[in-house]
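Some notes on the structure that comes next.
Residue numbers (our numbering), protein chains in the order written: chain H, 2 to 434; chain B, 2 to 434.
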């Protein structure tokens, strides 16, 4: 039998424990794929005494990252600590000491990717990060390897399981945001502090990583226009449903007019299309390559074992040498090309507007008149018979034909500044395929 | 600039021409991914004079495979000739002369895979074959690399675009098999001789290759129970629709009771599930891994550029060295394990039966009585008011609860031997997720 490879696990939270479990419980299977045994030589975590139900001898668990980074017998380290610090310092320590690194930390890569990738290249090491985006879905490998012959034209993704669980449950149960959030927290699909999930931070960071792979450019994630799901109410969902759509939090990156356009926002997706059929804690990515056409991936985007599956695949890739090869060509595309210049999201799309109008004669004509002035033509209008008194605020829902996003934004500003509305207009993109 | 890699293209049909086009038109992009230029040194085909609209100099196109296999400057060959011979002899010639081979020929691998893989291993060469299954969908890489940490529990796939185009068009247009087949031929989605597509040969060969990757066993494709789509009529589709299902040609491989169960047959798939939403010439694969859970892939399974996308990705993988690594561990799983023993498909599933009964008193009781004798319990029955005379043949449609496939087969044989039916009962599996 070939010599085993010794790995260090940094962090024994949900994912770290899952990785140890998978490496130990599926050892025979993994050995066949890696060509040699993969042994957990050392795990470091804050609280080694805590019982995690792992069959890891106590003398292999400690608290000091240096027990991994300074151990010359360890060649591969899985960094499974979340957040920016101490994760960043740990990654630097591991790379400086010659370890190949596997990580699931998307925030770290989105924030410090360029610095860490450069350090790894300088040290002749690799960073593998399949688990950082869309959990068990092999979207990193798909873009970096399998679709390498393609220029990627666009990516659309549901990249956050918590917010998708909330949206699809609101839709199925007709329930309100706050109630479903509580349910998600009770079921373990949402953190006690769900801010990073529901405000879109998590999905935007993943989008920044996908854009790096697909377009060869590091876009600071904070520069990507971002709207979370807090503003989505069951009323909006009902109107979307009436028009044949569902609401999903969609990350978009696409080449448009020689620039790269990106955004993260709730959007209407047509019933029957794959993104609309993505429910619960599932993630999905739909992308278009110039040769392959439209491709769609769907799977569990989070959770202990799906994420561990991706981490262990990366450990195997690192052990057999595939990760080193892939890392050399990761994100080397078009860095001098137009895609490196990020532009506004001025694409031609259908838009869904919910205008909160005062129920008075002539209002519909005023609103549609403003849209007309901005060159926006209307596909359909819904205004239900209001139950309140004349003059009360009622929702007016408008679906436009494909038109410029910038023009719609100008028209909405115009509408919201007029005296016939009471409240801010909601404007969502509409994705028909 | 690093030295270019010189490749030979064997076969300039639809896929071969697409590969040459992609290598030439996306040369800059591909060079970045491969780390060096990839040059088409030589293409061989039967009719070099034919104009394929390629920018390939005439002196690089010839008719003799030896112009590729004997050229020491060529290290990688793409074998893009269909059928068994001369493809098999060509593959052997290429491997014997030290070429790494990339191929899209599923029939060749399903029939002669063990022999060819062994020869490649003996010669220290690799065979890459992403394009042989599901066209542009990277399902080979997904199973062999990305999901390497998982034991695959089951695979379900729509693996033949022609038959899926026919089924989904029949369903959408309410049209008959023969008419839609003609339309598919006119649109170029079906060959003049569609036998291999509609009788399930093509999909079964692809299933055999997937089973090799997922379960490490070469199942002779002819041993896999196979039913094509010729027996699917618009009447069956209407009944399926009434029950909330669509009909798809589904390839199935799953671990069941320590054995590997496989089949290729039309099945009812529930509306809203990914397989049911797979329309037109698209392919789809749904699989379950023990760690990753259920994963779904969807994309164009055939056509010039989607297939070329997969072939060129394999050429890049071969050039950078990933293919050699992956080939070493391909299909090395569980060859001594239970999955290597193929069993009957005796799984517990819901079944859909269409019995052609003589419209006489007591018939429903007879049929349901026979099902009861075989321990099969009934979930729903459809019998529409017959328009014909008493005693005429009318369809009786029955959906069972989950029950043993073997028991259903025995019950159907019993029913078909009885005197109350006129015609053979159609029995299809029902897939609810």
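Where is the CB? At the ideal position from N, CA and C, for every residue including glycine.
Unbroken beta strand (DSSP E) stretches of 3 residues or longer found wholly inside the region 288-371 of chain H: 294-301, 349-359, given in chain order. Residue 206 of chain H sits buried, since 16 or more C-beta atoms from the chains shown fall within 10 Å of its C-beta.
By the criterion of a C-beta distance shorter than 7 Å, residue 197 of chain H is surrounded in its chain by 203, once the five residues flanking it on both sides are discounted.
Judged by DSSP in its simplified three-state form, residue 46 of chain H adopts coil rather than helix or strand.
For the 8 Å CB-CB criterion, residue 250 of chain B and residue 359 of chain B do not form a contact. In the structure shown, residue 9 of chain B adopts extended strand secondary structure according to DSSP, grouped into three states. With the rule of 3 Cβ pairs closer than 8 Å, the region 101-120 of chain B does not count as touching the region 141-151 of chain B.
Boundaries of the alpha helix (DSSP H) around residue 170 of chain B: 162-174. The C-beta of residue 31 of chain H comes closer than 8 Å to at least one C-beta of chain B. The continuous alpha helix (DSSP H) containing residue 115 of chain H extends over residues 107-123. Residue range 394-401 is occupied by the beta strand (DSSP E) that includes residue 398 of chain H. The beta carbon of residue 139 of chain H falls within 8 Å of a beta carbon belonging to chain B, placing the residue at that interface.
For the pair residue 287 of chain H and residue 348 of chain H, the CB atoms are not nearer than the 8 Å cut-off. Interface annotation, residue 256 of chain B: not in contact with chain H, CB-CB separation never under 8 Å.
Residue 104 of chain B is positioned such that its CB atom lies closer than 8 Å to that of residue 128 of chain B. Residue burial is scored here from C-beta neighbours: residue 433 of chain B has fewer than 16 other C-beta atoms within 10 angstroms and is therefore classed as exposed. Contacts with chain B at 8 Å (Cβ-Cβ) include residue 273 of chain H.
Taking the CA atoms as reference points, residue 108 of chain B sits about 30 Å from residue 274 of chain B.
Residue 265 of chain B: member of the beta strand (DSSP E) spanning 260-271, first to last residue. For the C-beta of residue 326 of chain B, the chain H residues within less than 7 Å are, from N- to C-terminus, 321, 322, 323. In the DSSP assignment, residue 76 of chain B falls within the unbroken beta strand (DSSP E) covering 75-80. The C-beta of residue 148 of chain H comes closer than 8 Å to at least one C-beta of chain B. Only exposed fits residue 194 of chain B, as fewer than 16 other CB atoms lie within 10 angstroms of its CB.
The beta carbons of residue 325 of chain H and residue 304 of chain H sit no closer together than 8 Å. Note that the region 67-76 of chain B touches the region 86-103 of chain B; at least 3 beta-carbon pairs, one per stretch, sit closer than 8 Å.
Note on geometry: alpha-carbon atoms of residue 399 of chain H and residue 355 of chain H lie some 6 Å from one another. For residue 104 of chain H, the beta-bridge partners assigned by DSSP are H/80.
Distance from the Cα of residue 363 of chain H is smallest, within the candidate group H/74, H/153, H/220, H/420, for H/420. Within its own chain, the residues whose Cβ lies closer than 8 Å to the Cβ of residue 8 of chain H, once the five positions on either side in sequence are excluded, are 24, 39, 40, 41, 42, 75, 76, 77, 78, 79, 316, listed in chain order.
Along the region 13-46 of chain H, going in chain order, the ones with a CB nearer than 7 Å to a CB of chain B are 23, 27, 30, 31, 33, 34, 36. Shown here for residue 306 of chain H: same chain residues with a beta carbon closer than 6 Å to its own, the five before and five after excluded, namely 19 in chain order.
Looking at the DSSP output, residue 284 of chain H bridges to H/300.
Following the DSSP letters along the chain, one finds residue 427 of chain H inside the beta strand (DSSP E) bounded by residues 427-432.
In this structure, residue 211 of chain H and residue 320 of chain H do not form a Cβ contact; the two beta carbons are roughly 25 Å apart against a cut-off of 8 Å. Collapsing the DSSP output to three states places residue 148 of chain H in coil. For residue 252 of chain B, the beta-bridge partners assigned by DSSP are B/158, B/265.
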